[in-house]
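Asker: The structure's right below; bear with me while I get my questions together.
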Amino acid sequence: MATIAESSVSTRQPSAAQWLVKHPLVLRLASVAVVCAAWEYAGRVPISPAFPTFVETMAALWDMIRDGSLAKAFAITLEPLVIGLAASVVAGVGLGVLMGLNRFAEWLGAPLFIIAQAAPMAALIPIITFAYGIGLLAKVVTVCMMAMPVIVLNSLNAIRHTPTSLVEMGRSFQASRLDLITRIILPSAAPVIFAGLRLGAASGFIGVILAELLITPTGIGDIITYNQSIAEYPKMYAAIFAIIAVSILFIEALEWIELTLFRPEKRAAA
Amino acid sequence: MTIGGFRVPLFASLVIWAILWEIAGRSGASFVIPPLSGIFARIVEIVPTPTFLAALAITAKTFAIGNAIAILVGIPIGVAMGRSELADRILLPWVNMFISAPLSALVPVIMVLFGLGETTIILTVVLFAIWIIVLDTRAGVRSIPPSLVEMARSFGASRLQAFSKIYIWAALPEILSGIRLGMIRAVKGVVIGQLLVSIVGFGRLFELYSSRFLMEHFWALLFVIFAFAFTLNEALAWLERRVEYYAASRT
Amino acid sequence: MTARASHHADAAAAAVEVRGVSKIYDGGVEALNDIGLDFPEGQLTTLLGPSGCGKTTLLKIIAGLIAPTSGSVKVAGRKVTGPGPERAFVFQDFALMPWANVMRNVGFGLELRGVAKAERERVAQKYIAEVGLKGFEEAYPHALSGGMRQRVGLARALAVNAKVLLMDEPFSAVDEQTRRKFQEDLLRLVAQERKTFIFVTHSIEEAVYVSDRIVLLSKRPSRVSEIIVPAIDRGGDPEQIRRSQAYLDTVEAIWQGLKRYIE
Numbered sequence: 001m002a003t004i005a006e007s008s009v010s011t012r013q014p015s016a017a018q019w020l021v022k023h024p025l026v027l028r029l030a031s032v033a034v035v036c037a038a039w040e041y042a043g044r045v046p047i048s049p050a051f052p053t054f055v056e057t058m059a060a061l062w063d064m065i066r067d068g069s070l071a072k073a074f075a076i077t078l079e080p081l082v083i084g085l086a087a088s089v090v091a092g093v094g095l096g097v098l099m100g101l102n103r104f105a106e107w108l109g110a111p112l113f114i115i116a117q118a119a120p121m122a123a124l125i126p127i128i129t130f131a132y133g134i135g136l137l138a139k140v141v142t143v144c145m146m147a148m149p150v151i152v153l154n155s156l157n158a159i160r161h162t163p164t165s166l167v168e169m170g171r172s173f174q175a176s177r178l179d180l181i182t183r184i185i186l187p188s189a190a191p192v193i194f195a196g197l198r199l200g201a202a203s204g205f206i207g208v209i210l211a212e213l214l215i216t217p218t219g220i221g222d223i224i225t226y227n228q229s230i231a232e233y234p235k236m237y238a239a240i241f242a243i244i245a246v247s248i249l250f251i252e253a254l255e256w257i258e259l260t261l262f263r264p265e266k267r268a269a270a
Numbered sequence: 271m272t273i274g275g276f277r278v279p280l281f282a283s284l285v286i287w288a289i290l291w292e293i294a295g296r297s298g299a300s301f302v303i304p305p306l307s308g309i310f311a312r313i314v315e316i317v318p319t320p321t322f323l324a325a326l327a328i329t330a331k332t333f334a335i336g337n338a339i340a341i342l343v344g345i346p347i348g349v350a351m352g353r354s355e356l357a358d359r360i361l362l363p364w365v366n367m368f369i370s371a372p373l374s375a376l377v378p379v380i381m382v383l384f385g386l387g388e389t390t391i392i393l394t395v396v397l398f399a400i401w402i403i404v405l406d407t408r409a410g411v412r413s414i415p416p417s418l419v420e421m422a423r424s425f426g427a428s429r430l431q432a433f434s435k436i437y438i439w440a441a442l443p444e445i446l447s448g449i450r451l452g453m454i455r456a457v458k459g460v461v462i463g464q465l466l467v468s469i470v471g472f473g474r475l476f477e478l479y480s481s482r483f484l485m486e487h488f489w490a491l492l493f494v495i496f497a498f499a500f501t502l503n504e505a506l507a508w509l510e511r512r513v514e515y516y517a518a519s520r521t
Numbered sequence: 522m523t524a525r526a527s528h529h530a531d532a533a534a535a536a537v538e539v540r541g542v543s544k545i546y547d548g549g550v551e552a553l554n555d556i557g558l559d560f561p562e563g564q565l566t567t568l569l570g571p572s573g574c575g576k577t578t579l580l581k582i583i584a585g586l587i588a589p590t591s592g593s594v595k596v597a598g599r600k601v602t603g604p605g606p607e608r609a610f611v612f613q614d615f616a617l618m619p620w621a622n623v624m625r626n627v628g629f630g631l632e633l634r635g636v637a638k639a640e641r642e643r644v645a646q647k648y649i650a651e652v653g654l655k656g657f658e659e660a661y662p663h664a665l666s667g668g669m670r671q672r673v674g675l676a677r678a679l680a681v682n683a684k685v686l687l688m689d690e691p692f693s694a695v696d697e698q699t700r701r702k703f704q705e706d707l708l709r710l711v712a713q714e715r716k717t718f719i720f721v722t723h724s725i726e727e728a729v730y731v732s733d734r735i736v737l738l739s740k741r742p743s744r745v746s747e748i749i750v751p752a753i754d755r756g757g758d759p760e761q762i763r764r765s766q767a768y769l770d771t772v773e774a775i776w777q778g779l780k781r782y783i784e
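Going down the list, the sequences are from chains B, W and Z. Okay, so the first sequence: first residue is 1 according to my numbering, each after it adds one. Okay, so the second sequence: first residue is 271 according to my numbering, each after it adds one. Okay, so the third sequence: first residue is 522 according to my numbering, each after it adds one.
This is the structure in structure tokens:
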């Protein structure tokens, strides 16, 4: 009945709106165009001397792409991020699955991660600097600290919530404990574990940016703080625009990898 | 976890970690890990000081205002997206983008636009909290059973009656969970904002303690903030479960 | 055994008249094609047809919840343009407000009409007792069984004192034993309330057991394929009906008629 209710609602909308709803790509482009135009307009007013126009920002972005400074900055920024995320995925999924399968491990470990997920871990960054200095290691640790709790807890919950009937099905066919874990529990937990990885990656980006802003300005963080200090706002905004765009593409790419490599049923549905 | 038939509460394991911490602290392995007992003594010492209370007041104020703005703006946007296909198609890509984007990168923008003061911290809180409120409100409005809407219409409810007696209540569990998740993000926002601004509230204390290598003070401050974040989360989750009792009958 | 009536041969006046109703959904699905029907006052008429036919659509058009593509519906001589107080709907999934207790749910139709609290609680109380839920006034829906929830839905529809009760597969979400009890209660209700009932079901046995008239709809786009008046004595013991030859023969005749629509 849901489809009926929806269609009867849509007949009451004006026809222009209906046309737009039926052409999502046009709508999306229009919505992006409106936001860019609003940015341009706000920059021209200007709402603040520290608010460059959209065109200025894009020009600065293009300059930084052309002279290679942006690529160099990303190489520096992405290094701790990729190392930290890889470590968090391996350790986080491992710990989460272990805790999901073993009550004692859960009892011992889960409270730490529950607190870590609710708490603002960013406040630990100064301590990390004391412990690990201002180099790559400190940034990797920051990324791990931000990304791991959500990966661990999602893996733990995913394993815990394996449908009982699936496990009983496996046992009724005399599956061994190992078979149960590798053929039923892990595949059934995969979607939630992957959701945790995406959330972890998003937190990892927050971590690496904070590390670059708070520990020592390097990479993208350096472009942001340096241009902020000399009031070269178009470049500062362009760097922020670039890191947000990259983080979104990165998370989209993770989703794509998940779909193409690990989720046959979703591929079949699409 | 049960030992000999006795159920050991989940968070009891924290006692073991606390003991390990105390041993590590006393061994003097690293100056960044002072003994836990010293940290707790420091909490008792610094919490009543005027500096701490002033920082707490600013943090609480910016946190509360930021959350209020996020809730008051976020819920109507979420309702609009849940009710109108057009609004949803226009706004959803942006909301989805902001919900997973590294918002900490935008804090420098807020700083150059609004200066190094309370406004910046309030806006950081809003920026962190609002998206999940919008998204959950939208989900709540969308999951209102169609038959409840038809029921209201067939018994002659006016638009206002349908909204105030049905829609809001039917979407309430999701809205509340959005507010809870928004507040968790807001705690992170208020801390990140203060860390970056670093001359206001706890941010100033962080700066002060870390520049003077006052590790016990620093940890004491962290413990207070972590305890607040955790208590807030648990309290809101408890409240949510109390309200959610009726959602059990949802299909 | 089984009497067959033509469309307009009923002695009782029509409480609901459906004339030339067609419905084509956005996207081109044709649910109903030129339906013409009269629903006699004080009787229970069932809409029965293969699954996916437009029986619920027709019921919701009569309720005013969906507008027909063409044609019209009149209730007590007045054209239907939307929901109205002379009709009350009973929903397949009960449509109870989970945040309101039984008392408020039952009185909700009156609450929307602005009836004072004391008065609507008095009326609600009466119908809660009538459907056998006395003592559950303060209970919330999640604490009730499926059968009890539908009793609340029924009491809510009765409380607004509508002349026409529209029931959309009201017993399909309750278990079989509760369902039989419901059917017996419904027969008593029809006899005692002097209201017009329009009932949608996909169960042939249920239709034959409770109906004064059964309208058979064809596969989509639905047309009226046949109207059957089961020749069953409603005066006797409800327990006896399911064993009577007339009941069994009618069930069989309808099954033979519907079979061809099932792949």
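Ideal Cβ positions, reconstructed from N, Cα and C, are used throughout, including at glycine.
Quick check: what's the CA-CA separation for residue 181 (chain B) versus residue 106 (chain B)?
Answerer: Rounded to whole angstroms, residue 181 (chain B) to residue 106 (chain B) spans 17 angstroms at the Cα level.
Asker: Does residue 620 (chain Z) get closer than 7 angstroms to chain W when you measure Cβ to Cβ?
Answerer: It does; some Cβ of chain W falls within 7 angstroms.
Asker: Between the stretch 317–334 of chain W and the stretch 366–379 of chain W, do three or more beta carbon pairs fall short of 8 angstroms?
Answerer: Judged by Cβ distances under 8 angstroms, the stretch 317–334 of chain W makes no contact with the stretch 366–379 of chain W, as fewer than three pairs qualify.
Asker: Taking 8 angstroms as the limit between beta carbons, can you name the residues of its chain near residue 541 (chain Z), skipping five residues before and five after?
Answerer: Counting only Cβ-Cβ distances below 8 angstroms, and skipping sequence neighbours, we find 555, 556, 557, 591, 592 and 593.
Asker: Quick one, which residues of the stretch 331–359 of chain W are near chain B if we go by CB-CB under 7 angstroms, in chain order?
Answerer: Answer set for the stretch 331–359 of chain W: 355, 356 and 359.
Asker: With 16 as the cutoff for other CB atoms within 10 Å, does residue 285 (chain W) come out buried or exposed?
Answerer: With fewer than 16 Cβ atoms within 10 Å of its Cβ, residue 285 (chain W) is classed as exposed.
Asker: Based on Cα-Cα distance, which residue from W:437, W:487, W:460 and W:510 lies nearest to residue 301 (chain W)?
Answerer: Nearest of W:437, W:487, W:460 and W:510 to residue 301 (chain W), Cα basis: W:487.
Asker: For residue 64 (chain B), report the span of its beta strand (DSSP E) as first-last.
Answerer: From DSSP, residue 64 (chain B) is part of no beta strand (DSSP E) but of the alpha helix (DSSP H) over 54–66.
Asker: Could you tell me whether any Cβ in chain B is nearer than 7 angstroms to the Cβ of residue 366 (chain W)?
Answerer: Chain B, which has no Cβ nearer than 7 angstroms to the Cβ of residue 366 (chain W), makes this no.
Asker: Excluding the 5 residues flanking residue 55 (chain B) on each side, which residues of the same chain have their C-beta closer than 7 angstroms to its C-beta?
Answerer: Around residue 55 (chain B): 40.
Asker: Which residues bound the beta strand (DSSP E) around residue 669 (chain Z)?
Answerer: From DSSP, residue 669 (chain Z) is part of no beta strand (DSSP E) but of the alpha helix (DSSP H) over 667–680.
Asker: Tell me whether residue 7 (chain B) sits in a helix, a strand or coil according to DSSP, three-state version.
Answerer: Because residue 7 (chain B) sits at a pLDDT of 36, beneath the cut-off of 50, its placement in the model cannot be relied upon, and the following sentence gives the value as read from the coordinates. It is helical.
Asker: Determine the burial state of residue 401 (chain W): buried for a count of at least 16 other Cβ atoms within 10 Å of its Cβ, exposed for fewer.
Answerer: Residue 401 (chain W) is buried by the Cβ-count criterion.
Asker: Taking DSSP's pairing of strands, which residues face residue 748 (chain Z) in a bridge?
Answerer: Per DSSP, Z:736.
Asker: For residue 620 (chain Z) and residue 511 (chain W), what's the separation of their Cα atoms in angstroms?
Answerer: So the two alpha carbons sit approximately 13 angstroms from each other.
Asker: Going by the CB atoms, is the gap between residue 81 (chain B) and residue 204 (chain B) shorter than 7 angstroms?
Answerer: Cβ distance < 7 angstroms, so residue 204 (chain B) and residue 81 (chain B) count as in contact.
Asker: Give me the subset of the stretch 222–247 of chain B whose CB atoms are less than 8 angstroms from a CB atom of chain W, sorted by chain position.
Answerer: Per Cβ criterion, the list reads 224, 225, 228, 233, 236, 237, 240, 243, 244 and 247.
Asker: Compare the C-beta of residue 675 (chain Z) with all C-beta atoms of chain W and state if any pair is closer than 7 angstroms.
Answerer: Cβ-Cβ to chain W under 7 angstroms: no for residue 675 (chain Z).
Asker: Should the stretch 437–446 of chain W be called in touch with the stretch 408–416 of chain W, which here means at least 3 C-beta pairs below 8 angstroms?
Answerer: Flag = yes, the stretch 437–446 of chain W and the stretch 408–416 of chain W touch.
Asker: Please report the straight-line C-alpha distance between residue 312 (chain W) and residue 38 (chain B), rounded to a whole angstrom.
Answerer: For residue 312 (chain W) and residue 38 (chain B), the distance between alpha carbons rounds to 51 angstroms.
Asker: Considering just the uninterrupted stretch of the alpha helix (DSSP H) at residue 684 (chain Z), what are its terminal residues?
Answerer: Per DSSP, residue 684 (chain Z) belongs to no alpha helix (DSSP H) and is neither H nor E.
Asker: I'd like to know if residue 503 (chain W) contacts chain B, where contact means its C-beta is closer than 7 angstroms to some C-beta of that chain.
Answerer: It does: the Cβ of residue 503 (chain W) has a partner Cβ on chain B nearer than 7 angstroms.
Asker: Over the uninterrupted alpha helix (DSSP H) stretch that includes residue 556 (chain Z), give me the two end residues.
Answerer: Premise fails: residue 556 (chain Z) lies in the beta strand (DSSP E), 551–561, not in any alpha helix (DSSP H).
Asker: Determine, for residue 409 (chain W), whether the minimum Cβ-Cβ distance to residues of chain B falls below 7 angstroms.
Answerer: It does not: the Cβ of residue 409 (chain W) has no partner Cβ on chain B nearer than 7 angstroms.
Asker: Since residue 155 (chain B) meets chain C, which of its residues come closer than 8 angstroms, beta carbon to beta carbon?
Answerer: The chain inventory of the structure shown lacks chain C, comprising the protein chains B, W and Z.
Asker: Is it buried or exposed, residue 144 (chain B), if we count other Cβ atoms within 10 angstroms and call 16 or more buried?
Answerer: Answer is buried; the Cβ neighbour count reaches 16.
Asker: In its own chain, which residues sit with a C-beta less than 6 angstroms from the C-beta of residue 351 (chain W), not counting the 5 before and 5 after it?
Answerer: The answer, listed in chain order, is 357, 358, 361 and 408.
Asker: When you compare only the Cα positions, how much space is there between residue 410 (chain W) and residue 345 (chain W)?
Answerer: If you take the alpha carbons of residue 410 (chain W) and residue 345 (chain W), they lie about 10 angstroms apart.
Asker: For residue 336 (chain W) and residue 396 (chain W), what's the separation of their Cα atoms in angstroms?
Answerer: Cα-Cα distance, rounded: 5 angstroms.
Asker: Taking the alpha-carbon of residue 185 (chain B) as reference, which of B:200, B:206 and B:163 has the nearest alpha-carbon?
Answerer: If we check each option's Cα against that of residue 185 (chain B), B:163 comes out closest.
Asker: Answer with yes or no whether the minimum CB distance from residue 403 (chain W) to chain B is below 7 angstroms.
Answerer: With 7 angstroms as the cut-off, residue 403 (chain W) does not count as an interface residue toward chain B.
Asker: Nearest CA to the CA of residue 200 (chain B): which residue from B:16, B:52 and B:85?
Answerer: The residue with the shortest Cα to Cα distance from residue 200 (chain B) is B:85.
Asker: Note the first and the last residue of the continuous alpha helix (DSSP H) segment covering residue 577 (chain Z).
Answerer: 576–584 is the extent of the alpha helix (DSSP H) around residue 577 (chain Z).
Asker: Report the rounded CA-to-CA distance for residue 633 (chain Z) versus residue 431 (chain W), giving the unit in angstroms.
Answerer: One C-alpha to the other measures close to 7 angstroms.
Asker: Let me make sure I understand the geometry here. Which of B:215, B:102 and B:27 has the alpha-carbon closest to that of residue 129 (chain B)?
Answerer: If we check each option's Cα against that of residue 129 (chain B), B:215 comes out closest.
Asker: State whether the stretch 58–78 of chain B contacts the stretch 116–127 of chain B, with contact taken as three or more CB pairs (one from each stretch) at a distance under 8 angstroms.
Answerer: At 8 angstroms Cβ cutoff, the stretches do not touch.
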